[in-house]
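This report concerns only the one structure given below.
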Amino acid sequence: MFGIGNLFIRVGGFFLTGESAGWYDAGDTAHFLFQAAFAGTAATIVSGAVAERVRFISFILFSIVLSGVIYPVVGHWAWGGDWLLQLGFIDFAGSTGVHSVGGLR
């Protein structure tokens, strides 16, 4: 979500590896855990909508794609300081980003 890249997608720094050669401070670790909780929240929003309507393995695979691909891209757009921020988008607490990712899928 916050690695190197362009306005629309960033790569690198997966699971606290990369840019700093694996040495991160407590703030980076806390930020990673904070965003991991938000990604999990987006997946649980979907779980309420599809409960007993899809197979469990389908939901697991969807959750992996949502948490590993979709959420980081949208999170980068919202909090990575790029094009949505330039348009005036402000989401301090994360509710817009998290609920839109979970609700629109």
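Everything in the sequence shown is counted per the numbering used here, starting at 2 for the first residue and increasing by one. Even for Gly, the Cβ is constructed at its ideal location relative to N, Cα and C. All of these numbers come straight from a predicted model, not from anything done at the bench.
Using the C-alpha atoms, what's the distance from residue j back to residue i?
i	j	result
residue 49	residue 71	18 Å
residue 64	residue 7	25 Å
residue 84	residue 51	32 Å
residue 32	residue 79	15 Å
residue 56	residue 89	40 Å
residue 5	residue 29	16 Å
residue 1	residue 77	Here the chain covers residues 2 to 106 and nothing more, so residue 1 does not appear.
residue 86	residue 35	20 Å
residue 69	residue 58	16 Å
Which first and last residues belong to the alpha helix (DSSP H) in which residue i is found?
i	result
residue 66	57-66
residue 79	72-80
residue 86	84-87
Between residue i and residue j, which are expected to be in contact by the criterion C-beta below 8 Å, what is the C-beta distance as a whole number of angstroms?
i	j	result
residue 99	residue 44	Residue 99 to residue 44, Cβ: 10 Å. No contact.
residue 47	residue 62	Between residue 62 and residue 47 the Cβ distance is about 12 Å, and since that is not below 8 Å, they are no contact.
Quick one, are the C-beta atoms of residue i and residue j less than 8 Å apart?
i	j	result
residue 111	residue 95	One cannot answer for residue 111 here, as it falls past the ends of the chain, which runs 2 to 106.
What does a CB cutoff of less than 8 Å around residue i pick up in its chain, not counting 5 residues either side in sequence?
i	result
residue 92	79, 80, 98
residue 75	98, 101, 102
residue 22	Only weak support is given to the placement of residue 22: the predicted model assigns it a pLDDT of 44, under 50, and the value that follows is read from those uncertain coordinates. Closer than 8 Å at the Cβ level, and outside the excluded window around residue 22, lies no residue.
residue 41	68
Who are the near neighbours of residue i in its chain, counting only those whose CB is closer than 6 Å to its CB and skipping five residues on each side?
i	result
residue 73	2
residue 37	none
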